[in-house]
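Residue numbers (our numbering), protein chains in the order written: chain W, 1 to 480; chain E, 481 to 960; chain X, 961 to 1440; chain C, 1441 to 1920.
Next up, the structure:
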């Protein structure tokens, strides 16, 4: 298993084509806008070497029997699934942001199921190929971007009937060595911190769309791949002097548009090619896993709750009954989220390949709550934090003696609370509810792993309404 | 294990002193008001003999190694705890009401922990006594009423300072053979269908209150015990001709006030006597277990969701997008409840006696949601059901040819839906949202196993706020 | 203006054909099940004679210039509309139930607009006829049932294509003297306490449905009209000995199915006959007025809030911060409802006939909140009331010395609170949240004046989305 | 009345001491960070000259009888109050932000009541002085900052017992010419765009605090006053090239810390000086008026709803039933807010000075909803907008041909929707839900005019609980 330092070094050796604010970025690892997101991924390496986190952060490879980072592991039982949920919460609670590495874990687990299933039907060799690739990922301890979301163009049309045929990523050529693909993947979390990009289709496909039913893995710096870095609320604060106003001093997340401009993929990296009837199941498995992954938001919630309690302490409001009650409510909602992540894991089961997958109904239910509760937790945090969170002058004003003296004097609350600490904690709450981390804690909670309506459709499909209706009939005396 | 028939027969042999509507009830088993609640308990016996339910409904005694009804089992691992949650949902989903038997199960599990702990400190013999009693319960397959809630009198005063010393049940005399107790237990679910009453204290006690720190078990028909049966919304419908208007034709629940008028308890049935410092932990363990038990409400929710879907089908509204969306929301909330029950079970752990107890934080979180979501599910059910649920004339009007012809004609919707079936399903929804079952599905969900504020206090005690504050400080750069 | 006594006497002179629990009711005024609903209507007469209520309860007829009961008034300005909202809240706050008389008021106001508009187009004489009829209603101070809701049969079909042509009320014959109608009106609030039935169509109609586009008024005891009385949760308690268990000792509401079995209507009582294109506007005006009328629920909310505060006082919980906060929330929601009723009235405007009508958008918004907030207020009331509300034995048990002594002893809280008073207030809360009054406070709040989805459709039609879109475009720099 | 141009010119003549990002700002009018907030105030001048807005934007001075800008008007009747609510919504709906001028209007109205009342008790001459000052404000058509919120220091201590005596603004010296004050006002909306600062105390005061009971007006550039400009989420985007990423191209709001460093106030500008018992009423009147003023948020809601509908249109999702339903919900909540603003205005009444004040209970209820609904509206907006709102690269990337071509291609939806327009509308939604405008739409909605708990306390004080309890007792038969 790599250390964090080794991970950082390995990134430096990649030659990614990244654009940010209209410029090509030469050194992505040290870029001040990108760096915090790299730090968050790096922590997934460092913690795996700490004994107190070993149980959650590592696992035993079912291929090699070696100890591996859990992010590269195929879940072998429900205990693995539960540990995945707990690992997510742990990392969220230590970083206060999206640490980006779960998409790759969810991609390899989903592929381990579907490549096996395709082989069963067509006697293809995808599963064996996939296991070879997986062993490489485990041995090298790589970060993989699980890339699913296509731009989708006109949402009323299937891939093959789009005005622009590239609205969904597809195979445009094929030869003995491999295939050539064109298209893009949008909203790619952590893409720029990844060694590998694992591409999957984004929706169920029909016969007509079969060129779009394609899955493969490539090095992140393969020829023809470009990254355009997404901007976030308050991203420019990372370019300012001073650290306070960025809120979270250490960690962040990012998303990028990843463009595949006629990229070649050798056959040994291809895991699905035109088996369109398997696109849907791959999407559903990935989605179920990834909906479970939002356990991390309970961890980010821990940070926001802690920050809010500190803001109350610093304001001298910590004993007010309404403040205590609101913090209870924040914790209640946050733990309800965690219950969902645990329950869908505990109710998971084995697929034909032996991979354990979460209970899909409960994973969808869990994610649906993630589209709601963080917003209410954030609202309550803003309630307790008070208005200074959005009216406080900048750190430069605090540092300027002419204005800093007034800020020190007039933002003082209790005598034993340094004014600067009060400002620091308010900036962290701002970061989580309006700033760069709000992107992950709120909007990504809404849309990541599928927007709310996607989960609602799945819930309606997965509940057994006939059984419920039959009991109702019986109880009220309707003959059946 | 007894069959349902054997259970019913065993009840007939008891000589309970039960009052209902101002009268002593001679035959409680066949009384039309009480009968449906007995039927619900009876089902817990019958299902244990059906192979498809065996895994959930039975367990292996850790004392005798024999197969026993799970309701008499001491949880040996988290799998047992998870099965308990699933058994609760199953029974709720088959009866559409409170089946009453979980209070006894929760009482014996809590006592198995606390009697052991008292012995550890005082070298008393409670645990051994308790196991002997438990073996009797398992062998005879008995229903136990776990009786905790005291009347409590003036809520601002402790037991020993109440104007009426009997506001909390207490020991009033003691001799070589046993103790004499006086007091009452209020809101006792299923008391009248029980073979045994297991009494526990209701709050943490101080030295002054030690006469109130008492736990014991007695046959339900012991000398000096009286039951006054609580009335429920729409209870009189069970005395009317016709079955439709009662909604649920088969099952119900009940609560009673149980009075202990100077009742003698032999020492071998006493499990705590004046060890006041253990009262609090017994209450907390029982409360945690019992908060988990509200998994049953997800089962009752299944019935209400099924009935609501049928009402939509019968009204011809089942394809309206807003109807579909509301049913999804009902399912979503219902499954969120289930997630809580599963999660607190899965995160349970062993106590010194070896008994497994649920995760207390998550059990409180789960119950807190139970005080909310059933109300919203019921509101949505009423939305979809339509106003006829509360304006429909009586079954007698349907049977009277002069009026029945108009009801048949004007309450007709689709040609293939018998009007009577439409009325039946609406009466079931009325039963669950306003009638006898609403008592269990709504108000008992609010107050059973502790009112909402009790859970909120526990949540605030059980979360680790210091850990959350420390990470927040670290992330925003506050020196610690 | 009649006194309450005169109103009651006038009802005795009617010969209504009413069925209840499978029997014809001979004396509707003194029937114990029906009586409380008559009492509530009666109060609308008595209050009009009390000076402190005169401003709200009376108005000056725009026809005769005489002082009349406001329930028979045509709104002449926005002040009238605002007073109507306040009158509704007043009556709800004094009765704790539905007082039933607003449907007639809303019907005459809607007809005053539409009969005028039909005349404008077709030079019919409906408006003049209507004013003559109105003068009779004002002079005699009559209660009118505004009867709109048809049974509707298969909801996917229009009136003229129903399998049963009577699923919507319609004209089946016509001669020089008048018309003959057949059909029914369901869920008719207060029908059995009315002197007159004013029939209106229930939906917009097309040419094919023109026989269904009919509006008229008839004496409530006209030949061929039958009433089948709807049953309510806990209605049988009104037949028991004792008064406590019914909760509200004085007032109630009711709904009935009103059947028109080939009923003759003379031309001078016909206000619309086959002018199908006006059916929709009549429905919309009535619906807007009637959605405003739910101001009464803020009044019922006042009663429930008062009862809940008393329950807290009697339980000794009135100083707990969570109790105070919940009562604030109940008041907040209740006053938010009132704001809606006031706002739609204040923003009303004149129609061509001179009648003032409420702002339709805000009336729909207001009613939409009525479909939600009473449920939450009721939930909070149950939270504060405690479980005894649903587990308390019957009044007969309280009166029986053998059991009454225990109830007195064990349901005692503070020494200065009579146990019976505690039970009385809990029974009132039960009445409002589960019992006969819950029908009006909850389910009727949901469906009366149109179910929630009906309001949502109106909201979507009435907001000016183009204006909102244009400003958004302008602000973000999109050329238009 | 000034034009917008004249207003801008008048600001240029002021010599305000403003600090921003650690620097003194030389030209506040043209500073790119400040400018949008000036534009919003400027619109309040320009609209007053447009005939279609004249009715809402202007009024007739009760002092001079001249036409004046309504922002300088003393409300003379409930119609004035209702027009104030409508003016607020209008301006919010045209600017999509806080236009800052209501604080001054609310301050002069509150002072017109309290100066009159002080005079009544003490025969002081404050009211006359105030009217002279008001006439000057009306004649010159000035923007006034109504400055109430003190820093407050340790919230558990009153002003006179604070460790730092300046934690509340107070009189430190007095002579024949006037008084000298020291302290600060925090979170001052629009301070830097104001001609005048009107200071008021922030809480009710006791005898000991009388030096803190002070109210006065000063020119904004009076000697000794400094402004430290508060930073907002995404404020730096106003310094970037390109306009798209700022979302709202034209308007914004701001808050500042205003420091009074021993500032002299001549007696003719002093409106309260040590009459401590009137501090509370001044605060309450200002608070009630200002809680009404949040009508503006319904206007900002209009912009967000329009933007969200456009995002749905551009995404091709406008016909999805869940999208339509969510937009209905946004409108429903937004109009519910408006109902509150209208209702508290319509129910207003005259104070002894003749000034009309809103109904305080309903104003608090209305504001309480403002602390909730905008958050839910924003959440729904983010739901419909989709994830691109937070993952879209910068405008610079769009302008760079190497990356812009990919953005054009892959962010394309419908063929007739320019990709740039789609990005523009998403940036506007980002602005309103996470960016500079979120400060006003969300956090200021929470805390402006008092945090939620302040309103809850007022609601509990203003409802008539005794009346509610008495009716409840009567209805359930409790003797009184």
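Note that beta-carbon positions come from the ideal geometry of N, C-alpha and C, so glycine has one too.
The Cβ atoms of residue 1214 (chain X) and residue 1179 (chain X) lie no closer than 8 Å to each other.
Setting aside the 5 residues that flank it on each side, residue 130 (chain W) is surrounded in the same chain by 111, 112, 115, 271, each with a C-beta closer than 7 Å to its C-beta; the list follows chain order.
Relative to the Cα of residue 1137 (chain X), the nearest Cα in the group X:1227, X:1216, X:1210, X:1298 belongs to X:1227. Looking from the CA of residue 1562 (chain C), the closest CA among C:1572, C:1718, C:1655 belongs to C:1718. Here the alpha carbons of residue 403 (chain W) and residue 1797 (chain C) stand approximately 38 Å from one another.
Contact check for residue 184 (chain W) against residue 151 (chain W) passes: the beta carbons are separated by less than 8 Å.
Beta-bridge pairing by DSSP links residue 24 (chain W) to W:19. Annotated as proximal: residue 916 (chain E) and residue 712 (chain E), with beta-carbon spacing under 8 Å.
Within the stretch 821–854 of chain E, the runs of alpha helix (DSSP H) that reach at least 4 residues and sit entirely inside it are, in chain order, 840–850. Short of 6 Å from the beta carbon of residue 566 (chain E), and not among the five residues preceding or following it, lie these beta carbons of its own chain, in chain order: 536. Within the stretch 1683–1696 of chain C, the residues whose Cβ lies closer than 8 Å to any Cβ of chain X are, in chain order, 1683, 1684, 1687, 1688, 1689, 1690, 1691.
The beta carbons of residue 413 (chain W) and residue 1452 (chain C) sit about 38 Å from each other, so the pair does not count as a contact at 8 Å. For the stretch 1759–1786 of chain C, residues whose beta-carbon sits nearer than 8 Å to a beta-carbon of chain E comprise 1761, 1762, 1765. For residue 1578 (chain C), there are no C-beta contacts with chain X under 8 Å, since the nearest C-beta of that chain is about 28 Å from it. In terms of CA proximity to residue 1725 (chain C), C:1588 leads the group C:1769, C:1588, C:1470.
Nearest CB-CB separation between residue 1352 (chain X) and chain E: below the 8 Å threshold. Excluding sequence positions up to five before and after residue 294 (chain W), its CB lies within less than 8 Å of the CB of 88, 337, 341, 366, 367, 370, 445, 448, 449, all in the same chain and listed in chain order. With contact defined as three or more Cβ pairs closer than 8 Å, the stretch 699–708 of chain E and the stretch 490–506 of chain E are in contact.
Legend: CB atoms of the stretch 659–683 of chain E lying less than 7 Å from CB atoms of chain X belong to residues 664, 666, 667.
With a 10 Å radius around the Cβ and a threshold of 16 neighbouring Cβ atoms, residue 736 (chain E) comes out buried.
From the beta-carbon of residue 258 (chain W), no residue of chain E is found nearer than 7 Å; the closest lies around 29 Å away.
Residue 1565 (chain C) and residue 1559 (chain C) have their C-alpha atoms some 6 Å from each other.
Taking 4 residues as the shortest admissible run, the stretch 1838–1872 of chain C contains the following complete alpha helix (DSSP H) segments, listed from N- to C-terminal end: 1841–1850.
With the criterion set as a beta carbon lying under 9 Å from some beta carbon of chain X, the members of the stretch 1806–1826 of chain C are 1806, 1808, 1809, in sequence order. Between the stretch 572–580 of chain E and the stretch 775–785 of chain E, the count of Cβ pairs shorter than 8 Å is three or higher; the stretches touch.
In the DSSP assignment, residue 816 (chain E) is bridged to no other residue. Boundaries cannot be given for residue 1716 (chain C), as no beta strand (DSSP E) includes it and DSSP labels it neither H nor E. Counting along the chain, the unbroken alpha helix (DSSP H) around residue 933 (chain E) starts and ends at 932–942. Contact check for residue 539 (chain E) and residue 560 (chain E): beta-carbon distance about 7 Å, within the 8 Å limit, so the pair qualifies. Only 1381, 1384, 1385, 1387, 1388 from the stretch 1368–1392 of chain X bring a Cβ to less than 7 Å from some Cβ of chain C. Taking the Cα of residue 990 (chain X) as reference, the smallest distance to any Cα among X:1320, X:1295, X:968 is reached at X:968.
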